[in-house]
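**Student:** Just dropping this structure here.
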Amino acid sequence: MVLLALLAIFIVVPIAEIYVILKVGEAIGVAWTIVLLMADAVLGSLLMRSQGRAVWRRFNDAVRAGRVPHSEVIDGVLVIFGGAFLIAPGFLTDVVGALLLLPPSRALVRRGMRRWIERRAGLGVVRAMRRRPPDRGRPATDGWDVEGTATEVDRETPRLRR
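The working numbering puts the first residue of the sequence shown at 1, with every later residue one more than the last.
Printed below as a string of structure tokens:
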């Protein structure tokens, strides 16, 4: 699986990019193709900067509000990848980069990425275990706790906020 992904990234994508660049060059001319590739790299870096600032601002707002910034972190990663795709020469990577930088399409990618991360982390199993009622013959925690991992929660002592 990893070998196929590397094959696609390092062989198929560059060949497809060269093909598209040559076709665009035939259609509008070599000079205009080069100008278009340079312009989308500049516009992509400007878009990445503005979206990066917006994501950073939302990240800081979430931290100040005491929330864990899940969406903001994923958005930050997507903005970095989107900017890299836009700065790289080629029209196909520009389309992918623009999709990662524009907030509506980035939200769709973020949702899919979150599902993928949850599956990889095994959260689906944890959620299923929480919904399952305990069997009548055994305690609810039997099989759910590993010896030495449980901790006591002291709700009487006030905690400091960060």
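Just so you know, even glycine gets a beta-carbon here, dropped at the ideal spot from N, CA and C.
Does the distance from the C-beta atom of Val109 to that of Gly76 stay below 9 angstroms?
**Tutor:** No, the Cβ-Cβ distance between Val109 and Gly76 is not below 9 angstroms.
**Student:** By Cβ distance, which residues of its chain are closer than 8 angstroms to Glu26, with the 5 residues on each side in sequence left out?
**Tutor:** No residues qualify anywhere along the chain.
**Student:** Which stretch, first to last residue, makes up the alpha helix (DSSP H) that contains Ile87?
**Tutor:** It spans 70–87 - the alpha helix (DSSP H) in which Ile87 sits, taken as one unbroken run.
**Student:** With a Cβ-Cβ cutoff of 9 angstroms, do Gly90 and Gly44 count as a contact?
**Tutor:** No.
**Student:** If we count Cβ pairs, one from each stretch, closer than 8 angstroms, do we get three or more for the stretch 93–108 versus the stretch 30–44?
**Tutor:** Yes, they touch.
**Student:** Between Val73, Val63, Leu37, Gly29, which has its C-alpha nearest Glu17's C-alpha?
**Tutor:** Ranking Val73, Val63, Leu37, Gly29 by Cα distance to Glu17 puts Leu37 first.
**Student:** Classify Leu47 as buried or exposed, calling it buried when 16 or more other Cβ atoms lie within 10 Å of its own Cβ.
**Tutor:** Label assigned to Leu47: buried.
**Student:** Taking the C-alpha atoms as reference points, what is the distance between Arg67 and Ile74?
**Tutor:** The straight-line gap from Cα to Cα measures roughly 15 angstroms.
**Student:** Rounding to the nearest angstrom, what Cα-Cα distance links Gly112 and Pro69 in this structure?
**Tutor:** Rounded to whole angstroms, Gly112 to Pro69 spans 17 angstroms at the Cα level.
**Student:** Under three-state DSSP, which class holds Met1?
**Tutor:** In this structure, Met1 counts as coil in the three-state DSSP scheme.
**Student:** Which same chain residues, not among the five before or five after Asn60, have their C-beta less than 6 angstroms away from its C-beta?
**Tutor:** Nothing meets the Cβ criterion.
**Student:** From Ile117 to Trp32, what distance separates their C-alpha atoms?
**Tutor:** Spanning the two alpha carbons is a distance of roughly 42 angstroms.
**Student:** If we call anything under 9 angstroms between Cβ atoms a contact, is Val63 one with Arg106?
**Tutor:** Their beta carbons are not under 9 angstroms apart, which means Val63 does not touch Arg106 by this criterion.
**Student:** Mind reading off the beta-carbon distance from Leu101 to Leu86? Whole number of angstroms is fine, and I expect it under 8 angstroms.
**Tutor:** So it is a contact: roughly 7 angstroms between Cβ atoms.
**Student:** Quick one: is Ile21 buried, meaning 16 or more other Cβ sit within 10 Å of its Cβ, or exposed?
**Tutor:** By the neighbour-count rule (16 or more Cβ atoms within 10 Å), Ile21 is buried.
**Student:** Would you grab the beta carbon distance between Glu72 and Arg58 for me? Rounded to a whole angstrom, and I think it's under 8 angstroms.
**Tutor:** At roughly 5 angstroms, the Cβ-Cβ gap stays under 8 angstroms, so Glu72 and Arg58 are in contact.
**Student:** What are the boundary residues of the alpha helix (DSSP H) that includes Ile15?
**Tutor:** It spans 13–28 - the alpha helix (DSSP H) in which Ile15 sits, taken as one unbroken run.
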